[in-house]
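Counting from 1, one number per residue, gives the positions in the sequence shown under our numbering. Note that the Cβ used here is the ideal one computed from N, Cα and C, for glycine as well. So the structure is just underneath, and the comments pick up after that.
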Amino acid sequence: MALKSKTAKVVAGFAGVAMALSFVVAPAPASAATAEELQAQIASLLAMISQLQSQLNTGGSTAGTGYSFTTNLQLGSKGEAVRQLQIALNRDAATRVALSGAGSPGMETTTFGPATRAAVMKFQAKYGISTTGTVGPLTRAKLNSLVVVTTPTTPTTPTTPTTPAGTGLSIAPGAQPAASLAPESASRVPFTKVVLTASNDGDVTVNSLVVERGGLAQNAVFDGIVLLDENGVQIGIAKTLNSNNQATVGEPFVVPRGTSKTVTVAGNMAATLDSYAGQVAMLSVVAVNTSATVSGSLPITGAAHTINASLAIGTMTTNISSFDPNTSATKEIGTTAYKFSGIRITAGSAEKLRLWSVRWNQAGSASLTTDLANLKVNVDGTDYPVTISADGKYVTATFGSGIVIDKGLSKDIYLSGDIVGGNAAGRTVRFDIANRTDVYATGETYGYGITPPNGSGTASDSTSEFTAGTPWFHGSLVTVSAGTATTIAKATSVPSQNIAVNVPNQPLGGYDTDIKGEPITVQSTTFFFTSSIAATGNLLTNVTLVDSNGSVVAGPVDATLVGGTNQKVVFSDTITYPVGKRTYTLKGKVPTTFTSGATIIASTTPSADWTTVKGQTTGNTITLTNGQFAMNTMTVKGAALAITVSSDPSAQTIVPG
Numbered sequence: 001m002a003l004k005s006k007t008a009k010v011v012a013g014f015a016g017v018a019m020a021l022s023f024v025v026a027p028a029p030a031s032a033a034t035a036e037e038l039q040a041q042i043a044s045l046l047a048m049i050s051q052l053q054s055q056l057n058t059g060g061s062t063a064g065t066g067y068s069f070t071t072n073l074q075l076g077s078k079g080e081a082v083r084q085l086q087i088a089l090n091r092d093a094a095t096r097v098a099l100s101g102a103g104s105p106g107m108e109t110t111t112f113g114p115a116t117r118a119a120v121m122k123f124q125a126k127y128g129i130s131t132t133g134t135v136g137p138l139t140r141a142k143l144n145s146l147v148v149v150t151t152p153t154t155p156t157t158p159t160t161p162t163t164p165a166g167t168g169l170s171i172a173p174g175a176q177p178a179a180s181l182a183p184e185s186a187s188r189v190p191f192t193k194v195v196l197t198a199s200n201d202g203d204v205t206v207n208s209l210v211v212e213r214g215g216l217a218q219n220a221v222f223d224g225i226v227l228l229d230e231n232g233v234q235i236g237i238a239k240t241l242n243s244n245n246q247a248t249v250g251e252p253f254v255v256p257r258g259t260s261k262t263v264t265v266a267g268n269m270a271a272t273l274d275s276y277a278g279q280v281a282m283l284s285v286v287a288v289n290t291s292a293t294v295s296g297s298l299p300i301t302g303a304a305h306t307i308n309a310s311l312a313i314g315t316m317t318t319n320i321s322s323f324d325p326n327t328s329a330t331k332e333i334g335t336t337a338y339k340f341s342g343i344r345i346t347a348g349s350a351e352k353l354r355l356w357s358v359r360w361n362q363a364g365s366a367s368l369t370t371d372l373a374n375l376k377v378n379v380d381g382t383d384y385p386v387t388i389s390a391d392g393k394y395v396t397a398t399f400g401s402g403i404v405i406d407k408g409l410s411k412d413i414y415l416s417g418d419i420v421g422g423n424a425a426g427r428t429v430r431f432d433i434a435n436r437t438d439v440y441a442t443g444e445t446y447g448y449g450i451t452p453p454n455g456s457g458t459a460s461d462s463t464s465e466f467t468a469g470t471p472w473f474h475g476s477l478v479t480v481s482a483g484t485a486t487t488i489a490k491a492t493s494v495p496s497q498n499i500a501v502n503v504p505n506q507p508l509g510g511y512d513t514d515i516k517g518e519p520i521t522v523q524s525t526t527f528f529f530t531s532s533i534a535a536t537g538n539l540l541t542n543v544t545l546v547d548s549n550g551s552v553v554a555g556p557v558d559a560t561l562v563g564g565t566n567q568k569v570v571f572s573d574t575i576t577y578p579v580g581k582r583t584y585t586l587k588g589k590v591p592t593t594f595t596s597g598a599t600i601i602a603s604t605t606p607s608a609d610w611t612t613v614k615g616q617t618t619g620n621t622i623t624l625t626n627g628q629f630a631m632n633t634m635t636v637k638g639a640a641l642a643i644t645v646s647s648d649p650s651a652q653t654i655v656p657g
């Protein structure tokens, strides 16, 4: 039987391979793989055949050998456990799921359908288990006992063939900008365009371009050199020229196989150019950093721009946005739509501005991809998505056709997002703007990029600041914390009231919790009860803790004596407090030894009486700072007493009838 099962799997494997081969040799469209790639894929499929043959010859088992079934399965269940169940059932011809197609040997699925249910019933009938068609504890135990322990073979998971790296990259001049003026403080002045084309054998990663300053000019005319993509979005950060008049610009980007990408080398001009007016500067691409073989004639030189110190282009002033927190803060995991950083831009009187993009640098230790989510930039109530740089440090928002800021008017731009990472506790978030030119706006009259002014402050994590150095805008620091209990106090919704003796589930007190960030768990909780009479012999019994839905979350337990009049209850149940505000009520039975008019006051000190407090998501220890608090007073009534409710809810009294 086992041999037949293995043979069937191999046959099914051959059938799958044959189907795969039929796809490989089908007529290909114009952009299909090369002959070499097809041969490589065929070789991979032949290796699969060899592996299947090896399984048959050596007695190795298929995927699923040694699998342990730990959960119940039934009609409608989905997942890997279902696939492993079908594999186990298919080992026996008497319990096979299907002879061909989905569910058959070698073609098991992750869906528990009618055919799987029928096979489970056959399995149960064979081994004397009630034929329910549901995989419960008995069926799981039998399945686990029948697992064949042999040398496992790693199942071959079909994968999409990866595109090999391209071996060639050609570079050629693009349509160069016309020679013009390079005014002081102008940003992203285009100098040289190049076209990069990847070979047909694969994608090519370009790590950076090497740019050299030429012409009758000095390096000081440039505040920085940047690389722009086809949409004018900056690739990487601005770089300054070295003593060899060169700068390496850009960050890794991919040119897909057989396609071209045009990039522009641009210059951010210095704020003051009076000493250099009339000089003529050029920027040439002299090298491409890539693992592919580069073809084409280098250097490539574009426009020769004349340095100008007299043209009055547009200006802007900047301030901290009212949406910016402007203070350091601690925020819990689970915080949503937090406004991390914001600036306000005001257009000068020379010309209107058109805002194109803003680029932020996450200078903290939190990850942009695992600790933060839903990052977006808001302008005038409209949210704009962001892109994350290849190095995972920068986020850039682009504003489509641009946002026009009229002369003398302002726009607030702020970045917000969620804190989500389960391991983010203790990490930090600080969204800076590294360079002035990371805010890109152009003048509506002359079209030059407008550079914001330098700040004058000193970077401080406790506030936001425009600085005179780097970063240009220093955001406020956010420290990520795990769950916290911001408030644990008596509940006004569980007021002082009269309670009966020898009756279960009498309210003994209530308290509110306000949990932030993530649910917290408390492994042991102690409550104390102070009564107006000495408690001897009989004590509070069947004490439970009930949530706002009426569900018991801890207990029942009986109280024990603490001194002459006090009692205490220790809940050893692990209590989970969810995020948000919740009310909890202590309930129990009061003994007949409590006379009419006696009072009971429940209290606890969370910082001392609640032990092993942890975040449910992160597992981090939570420190509770709440001191002792007493809950509202409960007053015992007798069987023949009339109840009079006092106007003072903290001191109810009983008047004999």
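Neighbourhood of residue i by C-beta distance below 8 angstroms, restricted to the same chain and skipping five residues each side
| i | result |
| --- | --- |
| F399 | L355, W356, S357, V379 and Y384 |
| G510 | K490, A491, S493, V494, T583, Y584, T585, L586, M631 and N632 |
Residue-level contact to chain C via CB, residue i, 8 angstroms cutoff
| i | result |
| --- | --- |
| K352 | The question asks about chain C, but that chain is absent: this structure has only one protein chain. |
Reference residue i; option with closest CA among the options
| i | options | result |
| --- | --- | --- |
| T479 | G103, E332, N207 and S199 | E332 |
| V233 | A186, T387, A312 and L353 | T387 |
| V579 | V552, A559, D514 and K393 | D514 |
| L216 | Y276, A198, T192 and E184 | Y276 |
| K126 | L89, L75, D274 and N620 | L89 |
| T370 | L409, V420 and S328 | V420 |
| V501 | S77, S104 and I600 | I600 |
| A287 | I343, S295 and A220 | S295 |
| G348 | A271, T95, G224 and K407 | K407 |
| K614 | T442, D274 and I575 | I575 |
| F253 | A390, G555 and S532 | A390 |
| S341 | S367, D512 and V377 | V377 |
| V569 | I237, T315 and A554 | A554 |
| D573 | V557, L561, N219 and K581 | V557 |
CB of residue i within 8 angstroms of CB of residue j, strictly
| i | j | result |
| --- | --- | --- |
| V395 | W360 | yes |
| L169 | V195 | no |
| K239 | V249 | yes |
| V546 | V552 | yes |
| V439 | P453 | no |
| G302 | L273 | no |
| Q523 | T612 | yes |
| I320 | S464 | yes |
| Q279 | V221 | yes |
| L227 | L209 | yes |
Local Cβ density within 10 Å of residue i, reported as buried at 16 or more and exposed below that
| i | result |
| --- | --- |
| Q53 | Since pLDDT at Q53 reaches only 47, below the 50 mark, its modelled position is unreliable, and no value is offered. |
| K490 | buried |
| P114 | exposed |
| K411 | buried |
| V503 | exposed |
| N435 | buried |
| S297 | exposed |
| E212 | buried |
| Q628 | exposed |
| A337 | exposed |
| N620 | buried |
| D223 | buried |
| K516 | buried |
| N498 | buried |
| E518 | buried |
| L75 | exposed |
Contacts around residue i, its chain only, beta-carbon distance under 6 angstroms, and the 5 residues preceding and following it disregarded
| i | result |
| --- | --- |
| K339 | F323, Y414 and S416 |
| R430 | A363, G364, G475 and L477 |
| G133 | R117, V120 and M121 |
| D201 | G166 and T167 |
| T467 | G455, G457, A459 and H474 |
| T442 | R354 and G449 |
| T530 | N566 and I601 |
| F23 | Note that F23 has pLDDT 39, beneath the 50 cutoff, so the model's placement of it is unreliable and the number below is only indicative. Cβ neighbours of F23 beyond the five flanking positions: none. |
| T487 | D514 |
Other residues of its chain near residue i: CB distance less than 7 angstroms, five sequence neighbours each side excluded
| i | result |
| --- | --- |
| L181 | H305, T306, N308 and L311 |
| G79 | T110 |
| L375 | V386, V395, L415 and G417 |
| A98 | S104 and A115 |
| T315 | G348, A350 and I450 |
Quiz item: Counting Cβ pairs, one atom from each stretch, are 3 or more of them under 8 angstroms apart for the region 183-193 and the region 251-270?
Solution: The region 183-193 is in contact with the region 251-270.
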